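2 protein chains.
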Amino acid sequence: MPKALHLIARPEGEPKDSDFELRPVESRALNDGEARVAVRYVSVDPAMRIWMTEQKSYWPPVKLGEVMRAGGVGEVIESRNPRLPVGTWVGGMTGVAEELITDGRGLRPFDARTLPDPTWALHVFGATGFTAYFGLKEIGQAKAGETVVVSAAAGAVGSTVVQLAKAWGCRVVGIAGGPEKCAYVKDELGADAVVDYKREQIGKALHETCPEGIDVYFDNVGGEILDAVLKRLKLRARIVVCGGISQYNGSGTPFGPSNYLALISARARMEGFVVIDYLHRGEEAITAMAPLVATGKLKGKIDAMEGIDNFAACLRRLLSGRNFGKQVLRM
Amino acid sequence: MPKALHLIARPEGEPKDSDFELRPVESRALNDGEARVAVRYVSVDPAMRIWMTEQKSYWPPVKLGEVMRAGGVGEVIESRNPRLPVGTWVGGMTGVAEELITDGRGLRPFDARTLPDPTWALHVFGATGFTAYFGLKEIGQAKAGETVVVSAAAGAVGSTVVQLAKAWGCRVVGIAGGPEKCAYVKDELGADAVVDYKREQIGKALHETCPEGIDVYFDNVGGEILDAVLKRLKLRARIVVCGGISQYNGSGTPFGPSNYLALISARARMEGFVVIDYLHRGEEAITAMAPLVATGKLKGKIDAMEGIDNFAACLRRLLSGRNFGKQVLRM
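These protein sequence lines map, in sequence, to chains A and B. Per our numbering: the first sequence = residues 1 to 331. Per our numbering: the second sequence = residues 332 to 662.
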């Protein structure tokens, strides 16, 4: 019997297995206009850690007892909806569930044959890629010749930002943790320089890798890295506030960037954004990124775990930076 | 013999009298093209506290032994420069000095008869007013109907921002310290609501005075007020990072706004600026503000102390918020 994962407790610190409960999915007969979707993959994202709290955010918190919110892709396995014939791939907010019944609203069909793999609809050609593309373009306003620094550069969004910035003619410095990820960012993704935040003193390393300062900082982590970047901004620099993964598991007061007054002398800005505001422009991003994918300039790396009962472990893996590539859970 | 005030030590905490030394001003005969200016007033500004440190800023630090940097206004008392006849009023970076010799560069003549008082060239019709005008217009992008919150609302820049925002049709909430300043902000400047940060819990007070959230925050103080504002931003809010006076005297790590991740869900921005970038557009601001001054919608309040030997005391007064109105020192 297919199952769904329900949030039953608000995690303190790292999410625990016991914060969730597997419950059977309703498997009634379909009504006219409905389709049954077998979810194949769900996207495991840092923002999930925020959705689990009671914190006000761009979406309401997941209520206790509800199916855990997640983006996912799946196949129609039974249908009484002519627009969703059996075999159609769909993507959207499926939740962490093996199966669901839909009238089609909120799910978008896509042609999986045009993708290297269906997971790409969650990665480069999905919300992850759109986050990188619109964040770097609209908020970061990255221009050729500028120095772009990216944190969590081996992560899903970060690795896409590194490659896009390179393709747009920027000088790119990636920040990642550990020699394996750093080598990946430099050798595979093509960053001009890389900083290993686990091994190097971040301020010194930024001084060395960005001797003329930083034009754009795409921030996925917050914390001390953000603070170090603030001290090295070029005039009219832009900080793209995409996430703060270093702060998500903490239960105390998050780390505030004490160097934020540097925004004054640099005439710089920090700006937050949420990809859902750009989903209606997804085609624009896909059109821009497809040729880069075709020519090997934009690669996507998937880190998949198996099984709905591994969701909490998969999320812990992501939040502690043990993943390598876009984290997904295969259902 | 006229004197100038030299910085001889970098203050720790509050600036002390002993951080400065009065030295005689060179009073040689003028060369062709030169004029002697008797400085009448200098502007005492929060940014001075930063110029005294070794901190990188939009201007280099004042070197030890140099005359303390300051904006000022004065009268030409002797001249061998036909463009600066005796009796001309000039404004610019005079430094904290009773007298100076100039070839005219860096000083701008103005017609003191068109001003309520020559100090206005340091206040509403000078760098203070330009800071308020361009900060609110260009960085804050305040629009009619929006809610604008201003900290240090009884201060020089803050009081101008309150009145401009009201004139532009905004709803204005001023934050100030103590009943006298709060009454001034509400009754004299016309703010719709006022918060006494010394008496009220700032988060609760902002919740009550801005029930629908904040569109523009003009920040002169930083610290916990900024953090409280971040929790109450409306969608696409703008934070104008003008100053952080609450942090200037501190010797430890400044307070970082730990709620900055709220910029994400609000799709909001924090942006710094420096008025010197807008000085070339001063006429635009004067043209826009003059009718407001003429109709009594824009008032300037001056808080003057006397005597160059009182400079350090005057600066302490400003940094501790004991001033009431634009702080100047009459020479």
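Cβ atoms here follow ideal geometry from the backbone N, Cα and C, with glycine treated the same way. Fair warning: this is a prediction, and the values are worked out from it, not measured in the lab.
Just the chain A side, please: which residues come within less than 9 Å of residue i by C-beta, in chain order?
i                : result
GLN578 (chain B) : SER258 and LEU261
Hey, quick one: how far does the alpha helix (DSSP H) through residue i stretch, first residue to last?
i                : result
HIS611 (chain B) : Where HIS611 (chain B) is concerned, there is no enclosing alpha helix (DSSP H), given that its DSSP letter is neither H nor E.
GLY321 (chain A) : No alpha helix (DSSP H) contains GLY321 (chain A), which DSSP labels as neither H nor E.
GLU397 (chain B) : Unbroken run through GLU397 (chain B): none, as it is neither H nor E.
GLU477 (chain B) : From DSSP, GLU477 (chain B) is part of no alpha helix (DSSP H); its letter is neither H nor E.
ALA183 (chain A) : 179 to 183
ILE225 (chain A) : 223 to 230
ILE245 (chain A) : 245 to 248
If you check the beta carbons only, do residue i and residue j fall under 8 Å apart?
i                : j                : result
PRO585 (chain B) : SER258 (chain A) : yes
LEU298 (chain A) : VAL124 (chain A) : yes
GLU54 (chain A)  : HIS6 (chain A)   : no
GLY426 (chain B) : ALA369 (chain B) : no
ILE175 (chain A) : VAL162 (chain A) : no
CYS501 (chain B) : VAL481 (chain B) : no
GLU98 (chain A)  : PRO179 (chain A) : no
GLU409 (chain B) : LEU453 (chain B) : no
ALA366 (chain B) : GLY435 (chain B) : yes
THR540 (chain B) : VAL571 (chain B) : no
ALA643 (chain B) : ASP348 (chain B) : yes
ALA599 (chain B) : GLY272 (chain A) : yes
VAL221 (chain A) : SER596 (chain B) : no
LYS234 (chain A) : ILE202 (chain A) : no
ALA458 (chain B) : LEU467 (chain B) : no
PHE130 (chain A) : TYR278 (chain A) : yes
GLN658 (chain B) : LEU261 (chain A) : no
MET620 (chain B) : TYR464 (chain B) : yes
GLY423 (chain B) : LEU446 (chain B) : no
ILE556 (chain B) : TYR528 (chain B) : yes
List the endpoints of the continuous beta strand (DSSP E) containing residue i.
i                : result
LYS56 (chain A)  : Segment: none, LYS56 (chain A) is in no beta strand (DSSP E) and carries neither H nor E.
ALA132 (chain A) : Note, ALA132 (chain A): premise wrong, no beta strand (DSSP E); alpha helix (DSSP H) at 127 to 134.
SER410 (chain B) : 403 to 410
ALA165 (chain A) : Run containing ALA165 (chain A): none in the beta strand (DSSP E); it sits in the alpha helix (DSSP H), 156 to 167.
LEU431 (chain B) : 430 to 433
GLY213 (chain A) : Run containing GLY213 (chain A): none; DSSP gives neither H nor E here.
TYR41 (chain A)  : 35 to 43
PRO413 (chain B) : Note, PRO413 (chain B): premise wrong, no beta strand (DSSP E); not H, not E.
LEU107 (chain A) : 107 to 110
ALA593 (chain B) : Taken as a continuous stretch (DSSP letters only), ALA593 (chain B) belongs to no beta strand (DSSP E), being part of the alpha helix (DSSP H) at 593 to 597.
PRO24 (chain A)  : 20 to 24
ILE639 (chain B) : Premise fails: ILE639 (chain B) is in no beta strand (DSSP E) and is neither H nor E.
LEU338 (chain B) : 334 to 338
ALA176 (chain A) : 171 to 176
MET424 (chain B) : Looking at the DSSP string, MET424 (chain B) is not in any beta strand (DSSP E), and its letter there is neither H nor E.
ILE239 (chain A) : 233 to 241
ARG600 (chain B) : 600 to 603
VAL526 (chain B) : 524 to 527
Give the residues of chain A in contact with residue i, contact being defined as C-beta atoms less than 8 Å apart.
i                : result
PHE604 (chain B) : ILE264 and ARG267
LEU584 (chain B) : Inspection of the sequence shows that residue 584 (chain B) is occupied by Thr rather than by Leu. Residues of chain A passing the Cβ test: SER258.
MET332 (chain B) : Ordered by position in chain A, no residue passes the 8 Å Cβ test against MET332 (chain B), which lies about 37 Å from the chain.
Mind pulling the chain B residues with CB within less than 9 Å of residue i?
i               : result
MET93 (chain A) : Under the 9 Å cutoff, chain B gives no residues; its nearest Cβ is about 17 Å from MET93 (chain A).
Using a C-beta to C-beta distance shorter than 8 Å, which residues of chain B count as neighbours of residue i?
i                : result
MET305 (chain A) : The premise fails here: MET305 (chain A) is roughly 27 Å from chain B at the closest Cβ pair, so nothing lies under 8 Å.
MET331 (chain A) : Chain B residues near MET331 (chain A): none, gap ~29 Å exceeds 8 Å.
Could you name the residues of the segment 44 to 74 of chain A whose beta carbon sits closer than 8 Å to any beta carbon of chain B, in the order they occur along the chain? Only LYS56, SER57 and TYR58 from the segment 44 to 74 of chain A bring a Cβ to less than 8 Å from some Cβ of chain B.
Relative to chain B, which residues along the segment 217 to 251 of chain A have a C-beta separation below 8 Å, given in chain order? GLY222, ASP227, VAL241, CYS242, GLY243, GLY244 and GLN247
Got a sec: which bits of the segment 272 to 297 of chain A sit with their beta carbon under 7 Å from any beta carbon on chain B, in order along the chain? GLY272, PHE273, VAL274 and ASP277
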